[in-house]
Amino acid sequence: MPNQIPQIKRVITYANPKLPQTIPEADKIVAYLKERGVQAEAGFITDENLHQQVTSGQIDLIIALGGDGTMLRVGHLGGPNNVPILGINLGHFGFLIEIQQHEWPEMLENLLKGNYWLEHRMMLRTEQWRGNDMLGSWDVINEVVVCRGGIVRAVHLITHVDGRFLTTYVADGLIASTATGSTAYALAAGGPILPPELRNILIVPVAPHLSVDRAIVLAEGSYVSIIVKSDHQAVLSADGQPPVQLVDDDRVDIRASEHTLTFVRFQDPGYFYRNLTPHMNQNPTTGNHR
2 MPNQIPQIKR VITYANPKLP QTIPEADKIV AYLKERGVQA EAGFITDENL
52 HQQVTSGQID LIIALGGDGT MLRVGHLGGP NNVPILGINL GHFGFLIEIQ
102 QHEWPEMLEN LLKGNYWLEH RMMLRTEQWR GNDMLGSWDV INEVVVCRGG
152 IVRAVHLITH VDGRFLTTYV ADGLIASTAT GSTAYALAAG GPILPPELRN
202 ILIVPVAPHL SVDRAIVLAE GSYVSIIVKS DHQAVLSADG QPPVQLVDDD
252 RVDIRASEHT LTFVRFQDPG YFYRNLTPHM NQNPTTGNHR
């Protein structure tokens, strides 16, 4: 089968420390892999030793146990280091994960036999500029949000696409999303759902006031610049991480990252649409599902 890992010899299994059930499950997976001649270790995403192994190119595959939040955290490590990720759902939602807890023995057997494919997803490169100084940069899986802070007042966001003026949004905020993020905050703000392997940037305003109120899908390869105009607090948040303070005239630049997030998949590519309706019909994080 094309588009595979050359040979799976070394695997790290990351457990989510906030989900106690992931720890014994990770140990079971490590034992299963070792019995089949694969070098495997289990740990937490905060483990510096395991982190070093990934960044130094010693690891062929990361297995992540948890939910979508775990997949994002592991993705920020695996994506920039070109290490594929296999997710096993022990969390709430699992939009990014197709394997449930009881399925992993069968799926790992398929993995070792080569019965899988690799799905490649675009990441975003985000930079914060103040004048000629770059104050920070991030590789993003879901979205970048430029928005108001604690004061409930709209911000003005002067937005350019490919160096050309698009519009000035007067809104609570503006989301720049990948196709992966189109089912996250962008969806909640009224944006469209994009197939996961598209390399487009999705722009979605949040609570726009007398401003452009429609989502825009940009052409592949486009880049976005957002200039903040505000006399009160504004912030930037990348993939829901702690907000970064912005001041008047700060610029946020967004483009496709040089890095690509890679997921291991077992179902055919139509899995995304088959899983979409069940996910949309009930949100298990509310506690109201059956």
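For the sequence shown, the residue numbers in our numbering are 2 to 291.
All C-beta atoms in this analysis are idealised placements derived from N, C-alpha and C, irrespective of residue type, glycine included.
(1) Measure the alpha-carbon distance for L109 versus I6 and round it to whole angstroms.
(2) Kindly indicate which three-state DSSP category P206 falls into: helix, strand or coil?
(3) Can you tell me the Cα-Cα spacing of I13 and D61, whole angstroms?
(4) For V253, write down the residues that DSSP places opposite it in a beta bridge.
(5) Give me the Cβ distance between G16 and A27, rounded to the nearest whole Å; I'm assuming they're in contact under 8 angstroms.
(6) Out of Q53, Q59 and G88, which has the shortest C-alpha to C-alpha gap to G70?
(7) Tell me which same chain residues have a C-beta within less than 6 angstroms of the C-beta of R256, skipping the five on either side of it?
(8) Cα separation between R165 and N276?
(9) Between S226 and D254, how many whole angstroms is the CB-CB distance? I'm expecting something under 8 angstroms.
(10) Report the rounded CA-to-CA distance for V55 versus S238, giving the unit in angstroms.
(11) Using 8 angstroms as the threshold, is the C-beta distance between T181 and N143 below it?
(12) Report yes or no: is there a C-beta of chain C within less than 8 angstroms of the C-beta of Q53?
(13) So what's H121 in DSSP terms, helix, strand or just coil?
(14) In angstroms with no decimal places, state the Cα-to-Cα distance between T263 and H103.
(15) Counting pairs of beta carbons, one from the segment 213–223 and one from the segment 233–251, are three or more of them closer than 8 angstroms?
Looking at the atomic coordinates:
(1) Each residue's alpha carbon lies about 14 angstroms from the other.
(2) It is a strand residue.
(3) So the alpha carbons of these two residues sit roughly 8 angstroms apart.
(4) Beta-bridge pairing links V253 to Q129 and I227.
(5) A small fix is needed here, since residue 16 is Ala in this sequence, not Gly. Cβ-Cβ separation between A16 and A27: approximately 4 angstroms, consistent with a contact (criterion under 8 angstroms).
(6) The option with the nearest alpha carbon to G70 is G88.
(7) Contacts found: R126 and Y224.
(8) Within the model, the alpha-carbon separation for R165 versus N276 is close to 38 angstroms.
(9) About 5 angstroms; that satisfies the 8 angstroms criterion.
(10) Looking at the backbone, the Cα of V55 and that of S238 are separated by about 25 angstroms.
(11) Using a Cβ distance threshold of 8 angstroms, T181 and N143 count as a contacting pair.
(12) Checking the listed chains, one finds no chain C in this structure; it contains a single protein chain.
(13) DSSP places H121 in strand when its eight states are reduced to three.
(14) Taking the straight line from one Cα to the other gives about 23 angstroms.
(15) Per the Cβ contact rule, the segment 213–223 is not in contact with the segment 233–251 (fewer than 3 Cβ pairs under 8 angstroms).
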